[in-house]
Amino acid sequence: MRYSPRTVASVLDSLGGIATRAELQAQGLRHDAITMAFHYGRVLRVRRGLYARLDTAPDVLAALRLRGRLACVSALRYWGEEAPDEGVLHIAVAASASRLEAGSGVVVHWSRRPERGSRGCVDLEVARRQAASCRALSRAPG
47 MRYSPRTVAS VLDSLGGIAT RAELQAQGLR HDAITMAFHY GRVLRVRRGL
97 YARLDTAPDV LAALRLRGRL ACVSALRYWG EEAPDEGVLH IAVAASASRL
147 EAGSGVVVHW SRRPERGSRG CVDLEVARRQ AASCRALSRA PG
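For reference, each letter of the sequence shown is one residue, going 47 to 188 in my numbering.
This is how it looks when you write it as C-alpha cells:
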C-alpha cells in the first residue's frame with residue numbers, strides 16, 4: 047500500500063479535521079506518512095501529537111494550542127453569530143486541566159463536565175450559555 051501526504055489529509059477529513067497522531071495511526075497511517083504530510087505543508091501540526099486540516103480557523107488553532115476549545119463569544123463568532131469582540135480569546139478547558147499557560151489575552155472557562163461540541167469548539171447552545179454568564183463580558187467597558 048502506498049502512503050502519501052494527501053492520504054493523511056483525507057483521513058483527517060474523516061475524523062472531523064483534528065486528530066491525534068495515535069488516531070491517525072489507528073486509521074492505518076504510518077508515522078513517516080504523518081511526518082511527511084506535515085513537512086510538505088499538507089496538514090498543520092497544532093502541537094506535539096495533534097494535527098489539523100489546513101483550513102482550520104486560527105482561533106480554533108489558538109485554543110487547541112492552549113489545550114482547550116473555542117468557547118463563549120469566540121465560539122459564537124466562529125458559528126457566525128453576532129458577538130462582542132473584546133480582543134481576547136475565550137477557551138473552555140476541563141476543571142482537571144493542568145499546565146495551562148494562558149496569557150492576558152485569554153479568558154478561561156473551566157468546566158467540571160464535558161460540554162457538547164467538537165474537539166476544537168463548543169457547540170452553539172453551549173457558547174450562548176457561556177456568553178450569558180461570562181464574568182469577563184460583564185466587566186468589559188462599554
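Heads up, the beta-carbon is just placed ideally off N, CA and C, and yes, glycines get one too.
Report the residue from the options whose alpha carbon sits nearest the alpha carbon of residue i.
i, options, result
"LEU107", "CYS167, ALA141 and SER179", "CYS167"
"GLY35", "TYR86, GLY87, HIS136 and LEU58", "With the chain running from 47 to 188 in the structure shown, residue 35 is simply not present."
"VAL139", "ALA117, ARG99, GLY133 and GLY151", "ALA117"
"GLU69", "TYR86, ALA98 and GLY87", "ALA98"
"ARG174", "ARG123, ILE64 and GLY62", "ARG123"
"ALA178", "VAL119, TYR86 and LEU61", "VAL119"
"VAL154", "GLN176, TYR86, LEU170 and ALA103", "GLN176"
"THR102", "TYR86, ARG159 and GLY62", "GLY62"
"SER150", "ALA143, PRO160, ARG159 and GLU132", "GLU132"
"ASP169", "ALA121, SER60, LEU100 and ALA143", "ALA121"
"GLY87", "LEU100, SER60, CYS180 and ASP105", "LEU100"
DSSP puts residue i in a beta bridge; with which residues?
i, result
"TYR124", "Paired residue(s): none; TYR124 is not in a bridge."
"ARG91", "TYR97"
"VAL203", "Nothing can be reported for residue 203, as the shown portion of the chain is limited to 47 through 188."
"LEU116", "ILE137 and CYS167"
My guess is that residue i and residue j are in contact by the Cβ rule of under 8 Å, so how many angstroms apart are they, rounded?
i, j, result
"VAL54", "VAL92", "In fact, because the Cβ distance is near 14 Å, the residues do not count as touching under 8 Å."
"LEU112", "VAL152", "7 Å"
"SER164", "ALA141", "So it is not a contact: roughly 20 Å between Cβ atoms."
"ILE137", "ARG115", "6 Å"
"LEU135", "ILE64", "That belief does not hold up - the Cβ atoms of LEU135 and ILE64 are roughly 17 Å apart, past 8 Å."
Suppose only complete runs of 4+ residues qualify. What are the alpha helix (DSSP H) ranges in the region 64-89, listed by chain order?
Complete alpha helix (DSSP H) runs here, min 4: 67-72 and 77-85.
I want to know whether the region 124-132 touches the region 69-83 - three or more CB-CB distances under 8 Å.
With the cut-off at 8 Å, the region 124-132 and the region 69-83 do not touch.
Whole beta strand (DSSP E) runs in the region 142-169 with 3 or more residues, listed along the chain?
Runs found: 152-157.
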